[in-house]
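In full-length UniProt numbering, the protein residues as written are 1 to 399.
Just so it is clear, CB atoms sit at the ideal spot from N, CA and C, and this is done for glycine as well.
These numbers were taken from a predicted model, which means no experiment stands behind them.
To keep things clear, I will list the structure first and then write my remarks on it.
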Ligand SMILES: Cc1cc2nc3c(=O)[nH]c(=O)nc-3n(C[C@H](O)[C@H](O)[C@H](O)COP(=O)(O)O)c2cc1C
């Protein structure tokens with residue numbers, strides 16, 4: 001019986017037929033997927049792509065998504081030039097206030113694909129000077145009932161040289177589809193944080209539209225201590241001197257990314273230092289090490305930074321505090337739990353000039369960008385604002 005099956009299978013005609021069926025099947029599947037991506041079919045993402053991604057290991061899903069973006073196998077959302085959504089922040093023109101937060105494209109592999117998704121800006125990184133593997137796996141966890149993520153990647157990075165090599169092929173600043181931010185980190189074993197960050201300023205200063213000094217990731221031991229006043233002053237002084245020493249034609253704005261878990265005193269000190277040293281902007285906030293009591297997921301006790309819906313109100317409150325403490329003089333990128341136009345609008349009204357998101361994208365998919373963009377436009381119009389800038393901080397000025 002087995003012998004006659006093998007003879008049948010080895011038959012050339014049967015082999016050819018099987019290979020044709022496979023080719024037609026694979027070809028059909030590729031055409032189906034391509035057409036759906038090309039025609040921006042919402043249901044295709046909601047009902048097919050996102051459920052498949054949700055069943056994959058979270059880190060594998062992350063690398064697949066980066067690869068898809070790298071090969072531009074993701075939907076495109078063309079941003080029209082609009083007075084309502086466009087704004088000038090730290091000297092840069094943003095076509096949309098929505099940006100992709102750091103941590104998605106850590107190694108600058110997919111900037112062009114991601115820029116086509118409808119983001120006004122894309123932040124690459126965190127990038128460390130030397131390549132490093134990050135923490136042991138598993139290190140990313142989906143908290144699905146909470147619409148949240150806990151990650152303890154620990155700055156897995158290809159390092160400055162490899163990331164610079166990739167980004168140097170992009171069009172130069174001013175000629176890109178979206179503004180490019182580069183988020184700098186430090187190596188886990190480095191004893192000299194200042195040297196790591198200034199190395200980043202020198203390496204990426206000529207190609208970044210803006211730079212972020214990330215001292216708020218919870219996954220690198222001691223990193224958050226740099227938010228203390230004396231440490232922070234020393235760090236910012238050195239970093240800003242390095243930026244000012246760059247050739248005169250391009251000195252990118254330098255922003256500071258802070259944690260949402262800082263005390264009132266720390267917030268006051270960060271505000272004073274940011275004003276005194278003329279930091280160009282704040283990114284508020286990174287993930288939280290706190291664990292709100294309402295978390296449902298069995299992964300809620302995993303070590304790492306929590307992002308997504310449970311971070312939303314904490315991040316917005318921190319934005320409000322930093323806006324008030326700096327009297328609106330230091331532009332803020334608001335980030336944490338944004339999954340709709342309404343979420344973005346609340347952060348803008350609290351004091352954010354720009355918005356970033358990451359976890360919302362994991363749960364909603366690429367359609368989140370056009371949806372949130374249209375929703376934000378409508379909310380601004382409903383309240384008679386003629387630009388995002390007009391709405392910045394309106395809720396924080398009241399109290
Ligand atoms: C998986 C993952 C990796 C991240 N990696 C970084 C990083 O390397 N550097 C950084 O500054 N922030 C990193 N973040 C924090 C995000 O940039 C953002 O501040 C945070 O997730 C809150 O936004 P969200 O609720 O929209 O995700 C990471 C977040 C996630 C979920």
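Measuring CB to CB, does residue i end up less than 8 Å from residue j?
i	j	result
residue 310	residue 325	no
residue 380	residue 84	yes
residue 338	residue 360	yes
residue 362	residue 22	no
residue 183	residue 214	yes
residue 240	residue 277	yes
residue 157	residue 127	yes
residue 400	residue 247	An answer regarding residue 400 cannot be provided, because it is not within the stretch 1 to 399 covered by the chain.
residue 233	residue 283	no
residue 394	residue 349	yes
residue 366	residue 129	no
residue 179	residue 77	no
residue 329	residue 392	no
residue 267	residue 321	yes
residue 224	residue 177	no
residue 250	residue 308	no
residue 358	residue 103	yes
residue 131	residue 159	yes
residue 386	residue 323	no
Alpha carbon to alpha carbon, how far is residue j from residue i? Give it in angstroms, no decimals.
i	j	result
residue 99	residue 13	55 Å
residue 135	residue 154	5 Å
residue 319	residue 146	22 Å
residue 124	residue 19	42 Å
residue 228	residue 216	11 Å
residue 105	residue 46	23 Å
residue 289	residue 144	18 Å
residue 332	residue 243	20 Å
residue 255	residue 101	13 Å
residue 271	residue 49	43 Å
residue 170	residue 335	26 Å
residue 279	residue 212	10 Å
residue 377	residue 120	14 Å
residue 90	residue 67	31 Å
residue 384	residue 86	16 Å
residue 185	residue 196	8 Å
residue 238	residue 56	43 Å
residue 193	residue 165	23 Å
residue 275	residue 374	34 Å
residue 313	residue 17	59 Å
residue 172	residue 207	7 Å
residue 202	residue 122	20 Å
residue 370	residue 111	18 Å
residue 88	residue 390	12 Å
residue 316	residue 347	6 Å
residue 269	residue 245	26 Å
Here's the rule I'm using: 16 or more other beta-carbon atoms within 10 Å means buried, otherwise exposed. How should residue i be labelled?
i	result
residue 69	buried
residue 60	exposed
residue 138	exposed
residue 96	buried
residue 152	buried
residue 253	buried
residue 293	exposed
residue 198	buried
residue 191	exposed
residue 291	exposed
residue 133	exposed
residue 364	buried
residue 71	exposed
residue 175	exposed
residue 299	buried
residue 189	exposed
residue 51	exposed
residue 230	exposed
residue 327	exposed
residue 15	exposed
residue 264	exposed
residue 343	buried
Report the CB separation of residue i from residue j in whole angstroms; it is logged as a contact under 8 Å.
i	j	result
residue 351	residue 372	Actually they are not in contact, since the Cβ atoms of residue 351 and residue 372 sit about 19 Å apart, beyond 8 Å.
residue 118	residue 79	6 Å
residue 287	residue 221	Incorrect: roughly 16 Å between the Cβ atoms, too far for contact.
residue 302	residue 141	5 Å
residue 209	residue 181	6 Å
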